[in-house]
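**Q**
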Amino acid sequence: MFEARLTEGSLLKKIIEAIKDLVQEANVDCSEEGLTMQAMDASHVSLCSLNMRHGGFDHYRCDRSISLGLNLANLGKILKCAGNDDVVTLKAEDEPDTLTLMFESPNQERISDFELKLMDIETEHLGIPNEEYKCTISMPSGEFQRIVRDLAVIGETCIITCTKEGVKFSVSGDLGNGNVTVRQSSAADGDEKDQVKIQMEEPVTLNFALRYLGFFTKATPLGSTVKLHMSPDVPIVVEYPIDGIGSISYFLAPKIDE
Amino acid sequence: ATKQKSMLSFFNKK
Chain Y
27 MFEARLTEGS LLKKIIEAIK DLVQEANVDC SEEGLTMQAM DASHVSLCSL
77 NMRHGGFDHY RCDRSISLGL NLANLGKILK CAGNDDVVTL KAEDEPDTLT
127 LMFESPNQER ISDFELKLMD IETEHLGIPN EEYKCTISMP SGEFQRIVRD
177 LAVIGETCII TCTKEGVKFS VSGDLGNGNV TVRQSSAADG DEKDQVKIQM
227 EEPVTLNFAL RYLGFFTKAT PLGSTVKLHM SPDVPIVVEY PIDGIGSISY
277 FLAPKIDE
Chain L
-16 ATKQKSMLSF FNKK
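So the protein lines, in turn, are chains Y and L.
Anchor point for the first sequence: position 223 equals 249 in the working numbering, and the numbering is continuous, going up by one each time.
Anchor point for the second sequence: position 4 equals -13 in the working numbering, and the numbering is continuous, going up by one each time.
1. Comparing the CB of aspartate 120(Y) with every heavy atom of the ligand COA, is any distance shorter than 8 Å?
2. Going by alpha carbons, who is nearest to histidine 151(Y) out of Ser198(Y), Leu38(Y), Thr33(Y) and Met63(Y)?
3. Can you give, in chain order, each stretch of the beta strand (DSSP E) that sits fully within the region 164 to 230 of chain Y and has at least 3 residues?
4. Taking Cβ-Cβ distances shorter than 8 Å, what residues in chain L pair up with histidine 85(Y)?
5. Buried or exposed: which applies to proline 288(Y), given that a residue is buried once 16 or more other Cβ atoms fall within 10 Å of its Cβ?
6. How about serine 212(Y): is its C-beta nearer than 9 Å to some C-beta of chain L?
7. Any idea what DSSP makes of tyrosine 266(Y), helix, strand or coil?
8. Please report how far the alpha carbon of aspartate 112(Y) lies from the alpha carbon of leucine 127(Y), in whole angstroms.
9. Candidates Ile271(Y), Gln221(Y) and Leu278(Y): which alpha carbon is nearest threonine 251(Y)'s?
10. If you draw a straight line from the C-alpha of serine 273(Y) to the C-alpha of glutamate 34(Y), how long is it?
11. Is serine 131(Y) helix, strand or coil by DSSP?
12. From Gly181(Y), Gly153(Y), Gln171(Y) and Ser164(Y), pick the residue whose C-alpha is nearest to that of glutamate 218(Y); which is it?
13. Mind listing the chain L neighbours of valine 264(Y)? Cutoff is C-beta to C-beta under 9 Å, in chain order.
14. Run through chain L and tell me which residues come within less than 8 Å of proline 280(Y), C-beta to C-beta.
15. Taking a Cβ distance cut-off of 8 Å, strictly less, list which residues of the region 154 to 169 of chain Y are near chain A, in chain order.
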């Protein structure tokens, strides 16, 4: 028996919205520790990793580890039937063919349940090395979204350069080129969540496809902060912490000069 | 020109 209850059901809506354009089908693995999902996009250029700890749920029970093969677009359609303030409960048997989703309105006046058919999905699980990154940038997620959206109008590839002073996002295309530099905030600058913080061992410059960075920014509603982890010649990690429950991390392979 | 690398060239299959 698997049962997981989230008072803030809208969180689940936001998570699926953040993944479904990148990944069409995925196995969500449920265990005593919580929910995890690892999936690559169809062209194997990026990888999305979701982690939701059991302690982040209001109720969590998982007697036996199970894997839920989900069509994320279809799950998104069902989650659209939930109100934004609804409590969402997920339920499945030990050898499930379906996932039951129950939505309860805050005053308990409306209770609905839906069953989503599960799929057998063959996936390749990748071992992600535990890397110490040379640069870690923490910045407002809305700022990152704006930069990616703005630069995507000009070109396809973004050069991200991280130095101690700041992070520079550069793009060039047929119409011209552009740069946006965000500088490290000084300690006195406003709210913690609005700050740009850079931890750097050595400067890093890497090229990335803006199209994929754009997919990642669908996670912006999940939190005020995004963290970028970079080292030379390895995939960037774009990590969105989800307050109190876990995180969603996107890995994107760089573009490399031939 | 830059070439898009695949995720599979960085992370090994489990």
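Positions of the beta carbon are idealized from the N, C-alpha and C atoms, including for glycine.
**A** According to the structure shown:
1. With respect to small molecules bound, the structure shown includes none, and the ligand COA cannot be examined in it.
2. Ranking Ser198(Y), Leu38(Y), Thr33(Y) and Met63(Y) by Cα distance to histidine 151(Y) puts Met63(Y) first.
3. Segments of the beta strand (DSSP E) lying fully in the region 164 to 230 of chain Y: 183 to 188, 192 to 199, 202 to 209 and 223 to 226.
4. Correct list: empty, because the minimum Cβ distance to chain L is about 31 Å.
5. Given a span of 27 to 284 for chain Y in the structure shown, any question on residue 288(Y) remains unanswerable.
6. It does not: the Cβ of serine 212(Y) has no partner Cβ on chain L nearer than 9 Å.
7. Reduced to three states, the DSSP call for tyrosine 266(Y) is strand.
8. C-alpha separation (whole angstroms): 12 Å.
9. Relative to the Cα of threonine 251(Y), the nearest Cα in the group Ile271(Y), Gln221(Y) and Leu278(Y) belongs to Gln221(Y).
10. Straight-line Cα distance between these residues: approximately 15 Å.
11. Here serine 131(Y) sits in coil by DSSP.
12. If we check each option's Cα against that of glutamate 218(Y), Ser164(Y) comes out closest.
13. Chain L residues near valine 264(Y): none, gap ~14 Å exceeds 9 Å.
14. Below the 8 Å Cβ cutoff, chain L contributes Lys(-12) as neighbours of proline 280(Y), in chain order.
15. Among the protein chains of the structure shown, namely Y and L, there is no chain A.
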